[in-house]
Amino acid sequence: QKEVEQDPGPLSVPEGAIVSLNCTYSNSAFQYFMWYRQYSRKGPELLMYTYSSGNKEDGRFTAQVDKSSKYISLFIRDSQPSDSATYLCAMRQNYGQNFVFGPGTRLSVLP
Amino acid sequence: DTGVSQDPRHKITKRGQNVTFRCDPISEHNRLYWYRQTLGQGPEFLTYFQNEAQLEKSRLLSDRFSAERPKGSFSTLEIQRTEQGDSAMYLCASSLFWGGSESPLHFGNGTRLTVT
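Taken in order, these protein sequences are the chains called Y and E. When the letters of the first sequence are read in order and numbered with this note's numbering, they come out as residues 1 to 111. When the letters of the second sequence are read in order and numbered with this note's numbering, they come out as residues 112 to 227.
Next comes the structure, spelled out in structure tokens:
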């Protein structure tokens, strides 16, 4: 079992839809959680950064962390074709550990 | 903030040749990471530096791989005797570690290596 798992997709939604992207993980020691967006042939771009459990909102993006279930989510409201990309979750235990990434979910928002 | 810069963007080499990549981090960042990413996979950790000290190296990393950050600024990643399995995107990222806290990683656009 991989440490961090994501449904690879592709996930196709119509423009304006609410998108839900999820990651599950096996290491209960993870405390810091991030979501990155990666366009084709580009590096990952940070979207959200959260610590421990709870919700965080930034514009159209909401990140949720449920440590008891070892499950994190990213919601995208009013999705746009420009949101079409691969979404990577990443996490770490503490500042002495490196970041572990999921394999990514490919999202396609259709006009 | 000029972002993380990587050079070259794309490198094509023949099997058995040595290659070297360069990364220039965000100027105020003291930590620098190297990751490798293959198609359909997330980035896989290779190694990281704090200033000029290499603090961690992946156990999966072959002895053919070496990284340096001689003055705590830019870093180089060298792969000796390249193999076809080395074909991947090599990503550099940087962060600021200060006062017991660390910012999230900021990535460059990577160097795509193709070994023929």
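All residues carry an ideal CB built from backbone N, CA and C; glycine is no exception.
Query, Result
"Beta-bridge pairing of Ile123/E - partner residues as DSSP gives them", "Thr225/E"
"Close Cβ partners of Gly123/Y (< 7 angstroms) along its chain, the five nearest in sequence each way excluded", "Because chain Y here runs from 1 to 111, residue 123/Y falls outside it and cannot be looked at."
"Reference Thr131/E; option with closest CA among Glu189/E, Gly196/E and Asn220/E", "Glu189/E"
"Extent of the continuous beta strand (DSSP E) to which Tyr159/E belongs", "Glu155 to Gln161"
"Under 9 angstroms (Cβ pairs) to chain E, residues found in the segment 8 to 35 of chain Y", "Pro8, Tyr32 and Met34"
"The segment 18 to 32 of chain Y contacting the segment 115 to 133 of chain E, beta-carbon criterion three pairs below 8 angstroms", "no"
"Proximity to Ala29/Y [Cα-Cα], best of Ser69/Y, Leu74/Y, Phe61/Y and Arg41/Y", "Ser69/Y"
"Three-way DSSP call (helix, strand, coil) for Gln195/E in this model", "helix"
"Option nearest Leu143/E by Cα separation, candidates Ile123/E, Met200/E and Ala178/E", "Ala178/E"
"Residue-level contact to chain E via CB, Gly104/Y, 8 angstroms cutoff", "yes"
"Beta carbon proximity, His217/E to chain Y, threshold 8 angstroms", "yes"
"Spatial distance of Gly9/Y from Lys182/E (CA atoms)", "42 angstroms"
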